[in-house]
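If you read the protein sequences in the order shown, they are chains R and V. Residue 87 in full-length UniProt numbering sits at position 87 of the first sequence, and the numbers go up by one each step. Residue 43 in full-length UniProt numbering sits at position 43 of the second sequence, and the numbers go up by one each step. Everything below concerns the one structure shown next.
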Amino acid sequence: MLRRSMLFMPGNNPGMLQTAEVFGSDSIILDLEDAVSLGEKDAARILIKGALKTFNYGTTEVVIRINPFSTPYALEDIDVMARLKPNAILLPKATPEDMKKLDEMLTKIEKEEGFEEGSIRIHALVETTYGVETVYETIKMSSRVDSVCLGGEDLAADLGVARTKDSEELFYARTKVVNACKALKIDAIDTPFTDTNDEAGLLADTIHAKKLGFTGKLSINPRQINTIHKVYSPTADEISWANRVMYAKDEAEKEGLGVFSLDGKMIDAPIITRAMNTLNTARVIGLIK
Amino acid sequence: MKILKPAKAGTLESNDISIMLMPGNNGIEIELESIVEKQFGAEIRTLIENTLKELGVEDVMVKAIDKGALDYTIKARIETAVTRAGEM
């Protein structure tokens with residue numbers, strides 16, 4: 001599934017829950033954690049339960065961010081939310097130990113509810129220094145993990161440094177998360193850009209993260225979705241290049257050539273894979289048939 | 001299900017409804033203010049009453065201030081308030 005954008009929505013806000021799909025993000029994250037005050041956790045669970053039973057969010061991935069295991073809320077969050085069969089749970093402050101606990105709880109609930117085993121997926125929100133250092137083990141702990149999302153604000157606090165506009169302080173974490181995700185063939189989702197009024201800054205930050213290997217970006221405001229999609233959607237030039245690569249590949253195969261060139265550059269298996277991925281993404285988002 | 005103590009749920013923001021429950025002795029009594037009172041007042045009262053009955057509440061005084069909540073929100077806020085007001 002395509003996850004260019006994953007948009008946070010406060011779990012205790014009825015207006016946001018009923019319009020969650022209209023902003024066009026690939027995933028929506030209904031939040032029980034930071035966006036819900038301590039005294040309203042019960043209300044948010046009940047409201048999300050009602051929303052999921054009422055609205056059809058179509059092809060948008062529905063993800064629930066639970067509270068961390070270090071709080072008194074996590075167990076009830078999982079017990080109530082998993083029985084609603086969301087597409088996925090977002091595990092905050094993810095570690096290998098907490099991933100194991102969450103996976104075991106989901107397996108138990110799936111059995112009790114008669115859901116297919118493994119059908120509730122997990123996204124791991126890595127936002128601590130320990131989480132960064134153990135990210136590979138965290139992903140390996142459960143076959144349910146579809147992505148790692150990077151949480152830059154909490155991570156900077158754990159590092160004891162300030163967040164900066166160019167996110168220099170996150171460079172190690174970003175590359176480590178991307179490498180672990182690529183090694184295990186799952187999505188790597190970048191930290192949100194928190195200045196919602198700075199569109200140019202968001203664009204630059206998203207382009208930079210894409211260059212590092214991220215496949216999508218968390219979002220804290222619906223206004224950010226178009227910019228993120230613009231970066232993570234193939235351009236007309238990229239689609240044209242991919243089509244030419246595939247055409248040249250077909251021609252080379254007819255001539256029995258293993259390696260061939262296009263515009264003076266050698267085309268081999270990794271380039272062909274990149275071209276195929278570009279065309280596949282373009283198809284999924286309807287840019288080509 | 002008995003309402004043991006006063007309890008509130010919901011907010012006064014748009015698309016929400018503020019619900020206050022208080023112990024009562026005369027069945028389900030509802031006081032409603034709504035921005036859509038003329039169009040949907042009767043339906044909202046019926047929904048509140050039916051939701052309370054489904055939760056097993058027989059005696060309660062309800063003060064509701066509606067800011068255009070959909071049914072799912074009204075039901076959720078009632079359920080939250082009932083949970084906070086006593087044992088489910």
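Ideal Cβ positions, reconstructed from N, Cα and C, are used throughout, including at glycine.
*Closest Cβ-Cβ distance between Ala-43(R) and chain V: below 9 Å?*
yes
*Beta-carbon separation of Ala-20(R) and Phe-55(R) under 9 Å?*
yes
*asked:* Going by DSSP in three states, Asp-34(R) sits in which element: helix, strand or coil?
replied: coil
_Against chain R, which members of the region 10-25 of chain V pass a CB distance test of less than 9 Å?_
Gly-10, Thr-11, Glu-13, Ser-14, Asn-15, Asp-16 and Ile-17
_Suppose the cutoff is 6 Å on Cβ atoms and the five residues either side in sequence are ignored; what does the same chain contact list for Met-88(V) look like?_
Any answer about Met-88(V) is weak, because its pLDDT of 49 lies below 50 and its placement is not dependable; what the coordinates show is given next. Closer than 6 Å at Cβ, skipping near neighbours: no residue.
_Against Gln-18(R), what residues of chain V qualify as contacts under a CB-to-CB distance less than 9 Å, listed in chain order?_
Asn-15, Leu-70, Tyr-72 and Thr-73
_6 Å Cβ shell around Ile-68(V) - same chain, five flanking residues per side excluded_ = Strictly speaking, residue 68(V) in this sequence is Gly, with Ile absent from that position. Counting only Cβ-Cβ distances below 6 Å, and skipping sequence neighbours, we find Ser-14, Asn-15 and Ile-35.
_Alpha carbon of Asn-13(R) to alpha carbon of Ala-44(R), nearest angstrom_ = 8 Å
_Residue burial classification, Ala-9(V) (beta-carbon count within 10 angstroms, cutoff 16)_ = buried
_Any beta strand (DSSP E) of 3 or more consecutive residues that is wholly inside the region 211-250 of chain R_ = 216-219
*asked:* Which same chain residues end up closer than 7 Å to Lys-210(R) when comparing Cβ atoms and leaving out the 5 residues on each side of it in sequence?
replied: Val-231 and Tyr-232
_For Lys-182(R), three-class secondary structure by DSSP_ = helix
*Which residues in chain V sit within 7 Å of Ala-51(R), going by Cβ to Cβ distance?*
Tyr-72
*Buried or exposed: which applies to Gly-258(R), given that a residue is buried once 16 or more other Cβ atoms fall within 10 Å of its Cβ?*
exposed
*If we ignore side chains and look at the alpha-carbon of each, how far apart do Phe-260(R) and Met-246(R) end up?*
11 Å
*Looking at Ser-37(R) and Ile-225(R), is the spacing between their C-beta atoms short of 9 Å?*
no
_Contacts that Glu-33(V) makes with chain R (C-beta to C-beta distance below 8 Å)_ = Neighbours of Glu-33(V) on chain R: none; closest Cβ ~17 Å, over 8 Å.
*Have a look at the DSSP bridge pairing and note the partners of Phe-8(R).*
Ile-29(R)
*List the residues of chain V whose Cβ lies closer than 7 Å to the Cβ of Gly-58(R), in chain order.*
Result: empty, since nearest Cβ-Cβ is about 17 Å, beyond 7 Å.
*Determine the burial state of Tyr-172(R): buried for a count of at least 16 other Cβ atoms within 10 Å of its Cβ, exposed for fewer.*
exposed
*What do you reckon, are the CB atoms on Ile-65(V) and Leu-32(V) nearer than 9 Å?*
yes
_For a test of the three-state rule: what should DSSP assign to Phe-260(R), helix, strand or coil?_
strand
*For Met-88(V), decide whether its Cβ has a neighbour in chain R, counting only Cβ atoms nearer than 9 Å.*
Model confidence at Met-88(V) stands at a pLDDT of 49, short of 50, so the residue's coordinates are unreliable; what they give is reported in the following sentence. Chain R, which has no Cβ nearer than 9 Å to the Cβ of Met-88(V), makes this no.
*Report all residues from its chain with a CB closer than 8 Å to the CB of Lys-5(V); omit the five preceding and five following residues, and keep chain order.*
Pro-23, Ala-85 and Gly-86
*Under a three-way DSSP split, which group does residue 306(R) fall into?*
With chain R represented from 1 up to 289, any question about residue 306(R) goes unanswered, as that position is not in the structure.
*Okay, do the region 214-223 of chain R and the region 181-192 of chain R touch, 3+ Cβ pairs below 8 Å being the bar?*
yes
*Pair every Cβ in the region 122-131 of chain R with every Cβ in the region 93-110 of chain R, then say whether three or more of these pairs are closer than 8 Å.*
yes
*Could you have a look at Glu-49(V) and say whether DSSP puts it in helix, strand or coil?*
helix
*Leaving out five residues before and five after Leu-90(R) in sequence, what residues of the same chain have Cβ atoms less than 6 Å from its Cβ?*
Ile-29, Val-63, Arg-65, His-123 and Leu-125
*Taking only beta-carbon atoms, is Thr-46(V) less than 9 Å away from chain R?*
no
*From this set, Met-276(R), Thr-164(R) and Glu-76(R), which residue's C-alpha is nearest Glu-153(R)'s C-alpha?*
Thr-164(R)
*How many whole angstroms separate the CB atoms of Asp-31(R) and Gly-11(R), which I take to be in contact at a CB cut-off of 8 Å?*
5 Å
*The alpha helix (DSSP H) with Asp-16(V) in it runs from where to where?*
Neither: Asp-16(V) is in no alpha helix (DSSP H) and is coded neither H nor E.
*asked:* At the level of alpha carbons, what is the spacing between Asp-79(R) and Gly-114(R)?
replied: 15 Å
_Which same chain residues end up closer than 7 Å to Ala-156(R) when comparing Cβ atoms and leaving out the 5 residues on each side of it in sequence?_
Ala-162, Arg-163 and Glu-169
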